[in-house]
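First to last, the sequence lines map onto chains A and B. Residues 1 to 314, numbered by our numbering, are exactly what the first sequence covers, in order. Residues 1 to 203, numbered by our numbering, are exactly what the second sequence covers, in order. Here the structure is laid out as structure tokens; the discussion comes afterwards.
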Amino acid sequence: MSPQLSKHDPAKKWDGPTRKYDLIKEFVIALVVVGLLAISLAALFSSPDEPALTLKSWAIADAPDFVATATGELAGTTVSAGYGAPYNTAAEGQVLGPLKLQKWAGVRIPINPADDFVIAPLAIDNDPAVVSAIATWKAASADQQGKWANAYADALSKAPKATTLPDPTGAFGPVPAIATGLYGLARTGALDGLLAAGDTPLPTNFTKPLLFLADSGTYFPDYAGARHLQGDQWGVMNETGSYPGQSWLWLYSFWYQIDPFKSSGNADVLVMATMTILSLALLFMPFLPILRRVPEWIPIHRIIWRDWYRRKEE
Amino acid sequence: MSSKKMWTTRVRESTLEKFEPEDLLPDRQPAYVASWIYIFGVATIAAFVMLVISGLILTFEGPAWWHTSSIGHFFNSIHLWSVELFFVFMVVHLWGKFWMAAWRGRRWMTWITGVISFFASIVTGFTGYLIQTNFDSQWIATQAKDSFNSVGIGAYFNALNTGQAMLIHVSLLPLALGGLVVWHVILVRRKGVVPPIEAGGSE
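Listed below in structure tokens is the structure:
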């Protein structure tokens, strides 16, 4: 065996045999090959582009769901209304043992779904019935508002195809007029602009219309489910159509498919904590006593450097 | 005051003077640098270059261009498939370096910069998906917000704020990732390519 091929201190500069290696030529060839590969794949398979959903498309395609969700915002029963930080203080949010990271971050993006999604946009509506309903709503106590909205939400849940219901006893107060007014505003497309442009006339922040859309009971989740995008369908790592999506998020999506994560009310923080621990393990692999020795015990390196080891044995 | 105390001198001594030209752009490598696995590092960088080129074209034309133009859609497709290739190459490179125990010989910082680059790439890819301004971006944003919110990050990085995600995706992250890759490659050149695992030769 050549003395130069014997045991070498990996920290020292290599003084053994060398071979020609043209790094620049290798990079140029790699760039040309990878470039051609990307262009060929683009030409062959294109890329998905499912148009964005709007509050208008929601109101037209699933009017009962839209009206029920708008009523839910007034009743404070939607996901947004009961979310907690960073939108409001309606809930404590997810916890990791004693750690209340969500709550501790504070309400930095304040959202009041009843006011922001329903009442404020209707300020532009000149319909006397809507103007009167808004005035009645604003003059009522929070307790009375809740009673009206919950009564109407209950009634709508028993008539799943209805977009408005009669109120012979007055139990719903101004809520039917408000919900109907918002529905009319949404059908024209005006609500999309009003929610997006709440902070500036040239919007780049779609927090309000997206939170409202995500509160949908059927339209938004069913649309995603039909495109294999729900959480229990490996959700975030997929994209519409038959495309690879963010396949590198497979491990992150994996935890949502199994217990205790998938049945936990704190699933998101549990998955984030798990992935943080695994990420730190990968990052500090060089210092982990057992894991850093694994490549020595499983001799895949003998395949990678097979020419080297063959020469050494000769 | 001694010139040794000057910041400029210290920076020069700890950077430029650490390198010989042959270390930065060597035309010879140790004889053991002869395996298909070495292709994937440079292939990852090549895919990154394709991403920057296609991304710049999409940036100059604006975020809605690719919805209405067939040429724009084609460049979006190139960007998408460059991302897919980038991650395939990077993951094979990462696994290859794991099985080579490439952190040996005081190369731990090379490993760490590589892993941070991998994480930064995931964040870059994710923000790219957020700014497609189509249904995919809407759905991913509304789902992912819960993860960020659950650990308090959502109060500062709002997945539903398309403008925020767009600026981070096209400015901060490519710069950060580019810097990390440069640092990573310089470390590889400075420390040299890790030698084969010898019998009893690990640290």
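Where a beta carbon is used, it is the ideal one built from N, C-alpha and C, also for glycine.
In the DSSP assignment, K145(B) falls within the unbroken alpha helix (DSSP H) covering 135-150. Look at T18(A) here: in three-state DSSP terms it is strand. Flagged as an interface residue toward chain A: F126(B), by a C-beta distance shorter than 8 Å. Boundaries of the beta strand (DSSP E) around Q29(B): 28-30. I112(B) reaches chain A at L283, counting residues in chain order whose Cβ is nearer than 7 Å. Contact between the stretch 132-139 of chain A and the stretch 182-193 of chain B is absent: fewer than 3 CB-CB pairs across the two stretches fall below 8 Å.
With contacts defined by Cβ atoms closer than 8 Å, A59(A) and T133(B) do not form a contacting pair. DSSP, reduced to helix, strand and coil, places L280(A) within a helical segment of the structure shown. By the neighbour-count criterion, in which 16 or more other beta carbons inside 10 Å mark a residue as buried, S14(B) falls on the exposed side. By the neighbour-count criterion, in which a residue is buried when 16 or more other Cβ atoms sit within 10 angstroms of its Cβ, T110(B) is buried. Between G55(B) and V185(B), the C-beta gap is not smaller than 8 Å, which leaves the two residues out of contact. Not one beta carbon of chain B lies nearer than 8 Å to the beta carbon of K262(A).
Cβ-Cβ distances below 7 Å link A63(A) to T163, Y183 in the same chain, with the five nearest sequence neighbours on each side left out; the list follows chain order. Taking CB atoms only, S82(B) has a neighbour in chain A less than 8 Å away. Contact between G128(B) and V83(B) holds, since their C-beta atoms are separated by about 7 Å, short of 8 Å. Contact with chain A is found for G105(B), since one of that chain's Cβ atoms lies less than 8 Å from the residue's Cβ. When CB distances to chain B are screened at a threshold of 8 Å, the residues of the stretch 11-26 of chain A falling below it are A11, K12, K13, W14, G16, P17, T18, R19, K20, Y21, D22, L23, I24, E26, in chain order. No Cβ-Cβ contact shorter than 8 Å links G84(A) with G76(A). Of all residues in the stretch 263-277 of chain A, those with a C-beta nearer than 9 Å to a C-beta of chain B are N266, A267, D268, V269, L270, V271, M272, A273, T276, reading in chain order. Contact annotation for N112(A) against chain B: no contact, minimum CB-CB distance about 16 Å [criterion: below 8 Å]. Secondary-structure assignment with DSSP links L270(A) through no beta bridge to anything.
Around V34(A), the beta-carbon contacts reaching into chain B at under 7 Å are A43, A46, A47, M50, L85. R28(B) reaches chain A at T18, R19, K20, Y21, counting residues in chain order whose Cβ is nearer than 9 Å. For Q102(A), the uninterrupted alpha helix (DSSP H) segment begins and ends at 101-105. The three-state reading of DSSP puts L288(A) in coil, since its state is none of H, G, I, E or B. W81(B) is the residue among W81(B), V49(B), L58(B) whose C-alpha sits nearest the C-alpha of Y243(A).
By the CB criterion at 8 Å, L177(B) and A120(B) fall inside the cutoff. In the structure shown, the three-state DSSP call for L96(A) is strand.
If you look at T110(B), you'll find it in the alpha helix (DSSP H) that goes 108-130. For W65(B), no CB of chain A lies under 8 Å from its own CB, so it is not counted at the interface with that chain. In terms of Cβ geometry, D268(A) and S147(B) form a close pair [threshold 8 Å]. The three-state reading of DSSP puts H93(B) in helix, counting H, G and I together. For the stretch 168-198 of chain B, the set of positions with a beta-carbon nearer than 7 Å to some beta-carbon of chain A reads G192, V194, P195, P196, I197, E198 in chain order. Proximity to L282(A) across I37(B), W99(B), V11(B), P21(B) peaks at W99(B), based on C-alpha coordinates. Closest option to K161(A), judged by alpha-carbon separation, among D9(A), T218(A), P174(A): T218(A). Taken atom to atom, the span from the alpha-carbon of A190(A) to that of L288(A) is near 58 Å.
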